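Residue numbers (this note's numbering): 130 to 222.
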Ligand code: HEC
């Protein structure tokens, strides 16, 4: 039941609406310098990162750890909350 409700919520949001809502945190944290919604810049597109991590439940925590350590990703600054929100937005969650 929970999954059905989640799927319904996702369908209502729609991919385009999700990008628009998420643009603020990705802009304020500077992520957009290297990541664009649909095209590869310095880093992969939001679309590709979303597809890559869609089945990984721990993706947000794993990637936040990379951003904080600077290993496997350019180091990013910000609070845990900010980085979690930015990473979630960058992989479509
Ligand atoms: C200086 C450029 C740069 C900035 C700024 C940047 N990224 Fe990245 N990002 C990259 C590159 C390059 C990769 C590909 C690294 C790789 O997977 O080897 C990447 C990969 C990623 C991935 C995929 C990681 C994976 O394991 O698949 C995510 C998610 C991500 N970035 C999120 C963010 C977020 C959120 C921010 C803002 C806080 C951000 N990035 C800022 C360059 C950048």
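Yeah, the Cβ is synthetic: ideal placement off N, Cα and C, and Gly gets one too.
Model, not experiment: these values are computed from the prediction.
### Delimiting residues of the alpha helix (DSSP H) encompassing residue 218
DSSP places residue 218 inside the alpha helix (DSSP H), whose first and last residues are 209–219.
### Task
Determine the burial state of residue 163: buried for a count of at least 16 other Cβ atoms within 10 Å of its Cβ, exposed for fewer.
Exposed: under 16 other Cβ atoms inside 10 Å.
### Task
Determine which residues share a DSSP beta bridge with residue 204 and list them.
Paired residue(s): none; residue 204 is not in a bridge.
#### Entry: Residue environment, residue 179, which counts as buried when at least 16 other CB atoms sit within 10 Å
The residue in question, residue 179, is buried, as its Cβ has 16 or more Cβ neighbours within 10 Å.
### Task
Ignore the nearest five residues each way along the sequence and tell me which others in residue 143's own chain have a CB closer than 8 angstroms to its CB.
Here residue 143 scores only 48 on pLDDT, less than 50, and its place in the model is too uncertain to base an answer on.
### Query
Are the beta-carbon atoms belonging to residue 212 and residue 197 less than 8 angstroms from one another?
Annotated as proximal: residue 212 and residue 197, with beta-carbon spacing under 8 angstroms.
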